[in-house]
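In what follows, a single structure is set out as structure tokens and then discussed.
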Amino acid sequence: MMPSLPIWQFDLPLLVLVVLFAVVALSIRNLMGAAIVFGAYSFMMCLIWAGMGAVDVAFTEAAVGAGVSTVFIVSTIYNTSATMKRRPGGMAFKLFIGVVVTVAGGFLLSALPDFPDWGDPNSPVNATVAPYYITHSIPDTHVPNLVTSVLADYRGFDTLLETVVVFIACIGIYSILRIEPARTSIDETDEEIAAPASYDPTDSLIVRQASRFMVPFMQLFALYVIAHGHYSPGGGFQGGVILGASLILLAVSFDLKFLLSRWREKSLMLLVATGVGLYAAVGLACLFMGGNFLDYGTLDAVLPGKQDMARSHGILLVEIGVGITVMFSMLAIHINLASNGRLERGL
Amino acid sequence: MLLALLRAVKGPTVIDRLVAINVIGTKSIVLLLFAGILFGQLEMFVDIALGYGLLNYIVSIAASRYYQHRRCLEPEPPAGREAQS
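Chains A and B are the protein sequences, given in the same order. Per the working numbering, the very first residue in the first sequence carries number 192; after that it's consecutive. Per the working numbering, the very first residue in the second sequence carries number 68; after that it's consecutive.
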């Protein structure tokens, strides 16, 4: 499981590159370039997670950090501006910020020796809960991928609240950006992003056909990621992001109208809520069956198999709920960011 | 990869940037698979690389779509960009 290489051969160059990318991404004036460097930064982080053996986190970083968030940043830049204005002066303020950051960083660095060593078997994490998960995961839940069983079963409350956070983020972006078209018909900002007059919708035939070809495979892969999360890296979050990204691909390569003719806005938001609802409903069902909230073992009366298999199926149900929420929140966030809340045309 | 990144950041023309994004994405997939061989868990890294490749495709298309729209909006990019900011 662990790499046989010493830390400096793999991690040190990566860490240096991460710091380099972070500095570059902050110092570039063209924000489009910064977005691209940010994507590369995410990829380096992905490699570092992978190097630590945290393949699920690496997968999430590759899907969210390098993929969808870059699209979000690009569509935000599209609706604002690609160049950054530096405010002149304010030297004292900058100096103040510099001092604060240095002092805070110094405090953090001074706490560094108190941390246990990397991979130390006697560190609190490795000594208390981790052995329990490692020895109990298979007999309890039949899930070989410990991350999935910890995420959705032992720590089910955390994941439920994480899903709620995604839901709230979606609602927040929705309520900030969404503008009803009727109210903005005399808005002067309409000219800002007008439809380009010389834009010929048929000029991207290759892109359209390629996307049309890609989308089913993406969705199939995403379903595999969700359903196979018990055995390989992946799960509701990653699969949901890829599912949402397949719809974003449709929105980007065709246009928003095409996508919104397939998915009504209302049903989209309803589905965002359905995912969280499914998660909570599974928890409540456990409550009704006489167990604790999110104690899937009590579902063995309705789900096939014994108690351990019921927990495995409960995890699957919960992951599907997470996947639905994440998928449609990604889509809702994208269509609002890309079209500046008007849902008419955009990136 | 660093050279491609340099091109993406400096890139005098839009085409430079777009090709650079694509090159970075493609090289990243290969690097991920190499890391998989290094750690002896190739079957897991194939999943990650697939997901990365699929999403990178979207990023490329979104970026090119961005430049396409911007180009049409502003016939002369340098002047137009400055005026907009």
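Every residue gets a Cβ at the ideal spot worked out from N, C-alpha and C, and that includes glycine. These figures come from a predicted structure and were not determined experimentally.
The CB of Ser-444/A comes closer than 8 Å to the CB of Ile-128 and Arg-132 in chain B, given here in chain order.
Burial check for Leu-441/A: the Cβ neighbour count within 10 Å reaches 16 or more, so the residue is buried. Around Pro-424/A, the beta-carbon contacts reaching into chain B at under 7 Å are Met-111, Asp-114 and Ile-115. Rounded to whole angstroms, Asp-311/A and Gly-244/A show a C-alpha spacing of 15 Å. Bounds of any alpha helix (DSSP H) do not take in Glu-252/A, whose DSSP letter is neither H nor E.
What Thr-261/A touches in chain B, judged by beta-carbon distance under 7 Å, is Val-126, going in chain order. Put simply, the CB of Val-517/A is far from chain B, with every gap to its CB atoms at 7 Å or more. When the Cα atoms are used, Lys-457/A and Thr-339/A turn out to be separated by approximately 32 Å.
Rounded to whole angstroms, the Cβ separation of Val-517/A and Gly-426/A is 10 Å, and the two are not in contact under 8 Å. For Ile-128/B against Val-398/A, the beta-carbon gap comes to about 6 Å, under 8 Å, which counts as contact. Per the C-alpha coordinates, the member of Leu-122/B, Tyr-134/B and Val-97/B positioned closest to Phe-112/B is Val-97/B. Membership of Lys-457/A in the alpha helix (DSSP H) is indicated by the continuous run 456 to 479. Across the structure, Val-215/A and Gln-410/A are spaced so that their CA atoms are roughly 35 Å apart. Neighbours of Gln-429/A in chain B, taken as residues at a C-beta separation under 8 Å, are given in chain order as Gly-118.
Per DSSP, the unbroken alpha helix (DSSP H) holding Leu-222/A starts and ends at 222 to 242.
Under the 8 Å Cβ criterion, the stretch 119 to 128 of chain B counts as touching the stretch 250 to 258 of chain A, having at least three qualifying pairs.
When Cβ-Cβ separations below 7 Å define contact, Ile-96/B makes no contact with chain A. For Thr-339/A, the enclosing alpha helix (DSSP H) starts and ends at 337 to 340.
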